[in-house]
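Taking it in order: structure first as structure tokens, then the write-up.
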Amino acid sequence: MPGTQAAKTQGVLWSWLTTVDHKRIGILYGSSAFIFFLIGGIEAIIMRLQLARPDNTLVSAQTFNELFTMHGTTMIFLAVMPFSASFFNYMLPLLIGARDVAFPRLNALSYWIFLSGALFINASWLFGVAPDGGWFGYANLSSTQFSPTHSIDFWMLGLQILGISSMLAGFNFIVTIINMRAPGMTLMRMPLFVWMSFVTQFLLVLAFPAITVALILLMFDRFFGTLFYAPSAGGDPLLWQHLFWIFGHPEVYILILPAMGIVSEVLPTFARKPLFGAPFVIFSGIMIGFFGFGVWSHHMFSVGMGPVADSAFSIATMLIAVPTGVKILNWIGTLWGGSIRFRSPLLFSLGFIAMFTMGGLSGIMHASPPVDLQQTDTYFVVAHFHYVLFGGSIFGLFSGIYYWWPKINGRLLDERLGKWHFWLMLIGFNMTFFPQHFLGLIGMPRRIYTYAPDLGWHFWNMVSTIGSLIIALSFVVFIVNVVKTMRSGTPAGPDPWDGRTLEWSIPSPPPVYNFAIEPTVHDRDEFWLQKNGDGHGGKPASRPRAATPQDIAAIHMPAPSYWPLVLALAVAVMVSGLLVSTYQIIVGGLLTLFCMYRFAMEHHRPAAGHEY
Amino acid sequence: MADHTATHAIHDPNIGTTGLDHRKMGMWIFLGSDCMFFGSLIGTYLAYKGKSLSGPGPHDVFNIPLTSYSAALLLASSLFMVLALTRLNEDRIKAAAFWLFATAAFGLHFVLNQVYEFTTFALDEGLTLSTSLFGSSFFVLTGFHGAHVTGGVLWLSILMVLALRGKLDRRDYTKVEIAGLYWHFVDIVWIAIFTIVYLIP
């Protein structure tokens, strides 16, 4: 009997390693992202403990550098982006009425490459050379002269691997959204989360090449003696800043747009009203995407680009606040007059709106170069971007987690614990980051590992540290909630929130093929229309007929494949070879080519019986 | 026959609800992304143009006749690519394989010219990756283009071998077409690089 048990476990493990099911890949993304989110959070807590009182000696200056570098890198690339990716994976096909993504195996490949890149960066801790150059890795601190160890190598190669993953996912989701929509789902009938994800994917595929090039130049500088960032040869370290921020600013919208999409789904559901001015919200998202490419130099006002460039980027930055303001107005308009149910997903969305607005306001402040010169590199900026990335992205993503958890797991999260989580997180978040505005304005610089007692910074630093511990407590509550409700939570049923979009029309968790009968779409809120009509006396839209066993037997789902996993491993072998030996690069490179060939040829001819 | 093609369209997992092919659309999006990649590299080259502190300059080393010949090779290979696709569509597999071979061979010739060019720059002119900003930005930009061509040559060679072994026919039109899209793109990028780097003084 133990033998069969082991075989069964092995079978389950193998089925996850070779899965090409978008829902399983979504779960893999989500759980990996949560683990890295906890790691990044622990790094933050250690930094806050170090800064709790003046002249503290909990960690050294070097460790502190490593902590803030890895905290930023982890939270952006290993937590928020894959959290968003888990929603893209799980929800996009459900929201557009599809059975899978356009390229299921490529999807699995994205995940395995992401995981190998994430493990690669974090492996630096084991070798005692964690990256210490900041998440922005400014040249020429990153040169071999100033960073002689492998710390920057781990960071730069790891980001390169993660970039491959993000771009592959971007190609996949753009094609999925354009090409896999159910009949009748015109672009303007796409749910808002689909729209915001769509814009995000374009940002991903167009912004990542810039950082790819920046990292390639850095790699050549460090390994092959080129002079791109070497001032001694006339090289300009500002080249890095430009290339990095041409990526880096769209990246900010890559982090926030999916959360905006989630909020735009949650608010109509819990206000029981369609999204107010949905086309405005959609076009604002598109406008944010376009403007996102034209504001990068506002990260560089202090480098002295001259008044013309400063003015242009300042105006563009203030303009981008307009579509963002439009969205906030529309969200509030959605709540106005709605029959609101204050369930935990809605609370997190409301938290998002309030916190993100505050972060947006401080953002407009340093859109002005003279103001920015006062604030740059102080804790004011730290406060600002945590209000948009934590107060924005994380609140939005957790709104999505509470909203879609019952769809994914078939059980509801506990409402009381959810509310505890929300209020602890909201209070802890504001205690941590609001005082940092004050600290920045009285002159506390970023990235310092300690400070003298007579500077008057200790009170707000202590408040901030206590706040960060409250945030940590809120996530303990979340984990308790997950563990508690995983087995004994209230069964959700297909439609626990009286939802509006297609994912609520199918069982929770959805069957492997999602939709037994392909839905036909008449409206953005299709499922609501099926249940209630248009609210103006129109008849409810027709529901898909009940599926027969023959319908289900006729569904072909893509077969599992181990090539995505093997190919991702080969890429990891090749890239890590740069730190080991040339032979490993060559072996890894040949292995990668071989795996790509096998990957491409796997379904060159459909298997017998599947001839189409 | 008409019935057969109709069921074809419904069940082909590569065709989406818009009637467009996933793979072809994916390739176009990849090419858009690759535009940004080469755009960043060309931007870097232009930003550093004339900023080198030492070493030979562009027009001390360039062999314009040789590079023009290379450019002609790539342009001609794009024509061969079109012919390969046409022959495949006519189900003339041997002819398609021949034109795939010609495309890959001209591409390979281009790469070998580049190897020769790089070698003479390094040995005769004393220009390497670490000589000057010009050396760094020139070799990295043109080198990454060369790597793209090399990848294309491999891809086309595999398609040719498949064709010769009877594993490629009309049904694989889209597969060859997207290889062609990639190939033409690499060709167009070369026109940009040739003009910006080699021809403009």
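Heads up: the protein sequence lines correspond to chains A and B, in order. Its first residue numbered 7, the first sequence is counted upward by one per residue in the numbering used here. Its first residue numbered 199, the second sequence is counted upward by one per residue in the numbering used here. Glycine is no exception: its CB is placed at the ideal position from the N, C-alpha and C atoms. For clarity, every value in this text was computed on a predicted model and none was experimentally measured.
What does DSSP give as the partner residues of residue i in its beta bridges?
i	result
Ile213 (chain B)	B:Asp219
Thr384 (chain A)	A:Pro451
Pro497 (chain A)	A:Arg417
What's the call for residue i, buried or exposed, on a 16-neighbour Cβ count within 10 Å?
i	result
Asn287 (chain B)	exposed
Ala213 (chain A)	buried
Glu271 (chain A)	buried
Lys14 (chain A)	exposed
Gly139 (chain A)	buried
Met196 (chain A)	buried
Lys373 (chain B)	buried
Lys292 (chain B)	exposed
Tyr35 (chain A)	buried
His392 (chain A)	buried
Glu532 (chain A)	buried
Trp411 (chain A)	buried
Phe296 (chain A)	exposed
Ser548 (chain A)	exposed
Thr284 (chain B)	exposed
Can you find a C-beta in chain A that's less than 8 Å from the C-beta of residue i?
i	result
Ser231 (chain B)	yes
Thr340 (chain B)	no
Lys247 (chain B)	no
Leu283 (chain B)	no
Met358 (chain B)	no
Ile227 (chain B)	yes
Lys292 (chain B)	no
Leu271 (chain B)	no
Thr372 (chain B)	no
Asp201 (chain B)	Its pLDDT being 40, under 50, Asp201 (chain B) is placed unreliably by the model, and the measurement read from it follows with that caveat. For Asp201 (chain B), the answer is no, since every Cβ of chain A falls outside 8 Å of its Cβ.
Leu455 (chain B)	No statement about residue 455 (chain B) is possible, as the shown extent of chain B runs from 199 to 399 and does not include it.
Phe235 (chain B)	yes
Gly224 (chain B)	yes
Thr348 (chain B)	no
Thr317 (chain B)	no
Going by C-alpha distance, which of the options is nearest residue i?
i	options	result
Tyr96 (chain A)	A:Ser37, A:Ile45, A:Met81, A:Pro60	A:Ser37
Glu49 (chain A)	A:Thr69, A:Gln381, A:Gly32, A:Leu34	A:Thr69
Ser116 (chain A)	A:Leu168, A:Gly164, A:Gly143, A:Leu147	A:Leu168
Thr393 (chain B)	B:Met225, B:Gly253, B:Ser266, B:Leu325	B:Ser266
Ile454 (chain A)	A:Thr330, A:Arg349, A:Arg54	A:Arg54
Arg59 (chain A)	A:Pro502, A:Ile472, A:Thr598, A:Val527	A:Ile472
Phe307 (chain A)	A:Gly298, A:Gly300, A:Phe319	A:Phe319
Gly344 (chain A)	A:Leu209, A:Pro280, A:Tyr409	A:Pro280
With the cut-off set at 8 Å, would you say residue i and residue j are in Cβ contact?
i	j	result
Thr318 (chain B)	Asn185 (chain A)	no
Ala239 (chain A)	Ser335 (chain B)	no
Ser157 (chain A)	Ala136 (chain A)	yes
Ser494 (chain A)	His427 (chain A)	no
Asp289 (chain B)	Arg363 (chain B)	no
Ile398 (chain B)	Val211 (chain A)	no
Gly267 (chain A)	Ser203 (chain A)	yes
Val387 (chain B)	Phe236 (chain B)	yes
Pro525 (chain A)	Pro550 (chain A)	yes
Gln207 (chain A)	Phe234 (chain A)	no
Met162 (chain A)	Pro285 (chain A)	no
So, is the C-beta of residue i closer than 8 Å to a C-beta in chain B?
i	result
Val581 (chain A)	no
Gly310 (chain A)	no
Leu212 (chain A)	yes
Met173 (chain A)	yes
Pro189 (chain A)	yes
Tyr519 (chain A)	no
Tyr603 (chain A)	yes
Pro6 (chain A)	Residue 6 (chain A) lies beyond the range of chain A shown here (7 to 618); nothing can be said about it.
Pro525 (chain A)	no
Phe250 (chain A)	no
Val219 (chain A)	yes
Leu430 (chain A)	no
Leu98 (chain A)	no
Asn185 (chain A)	yes
When you measure from the CB of residue i to every non-hydrogen atom of the ligand FAD, does any distance come out below 7 Å?
i	result
Ile454 (chain A)	The ligand FAD is absent from the structure shown, which contains no ligands of any kind.
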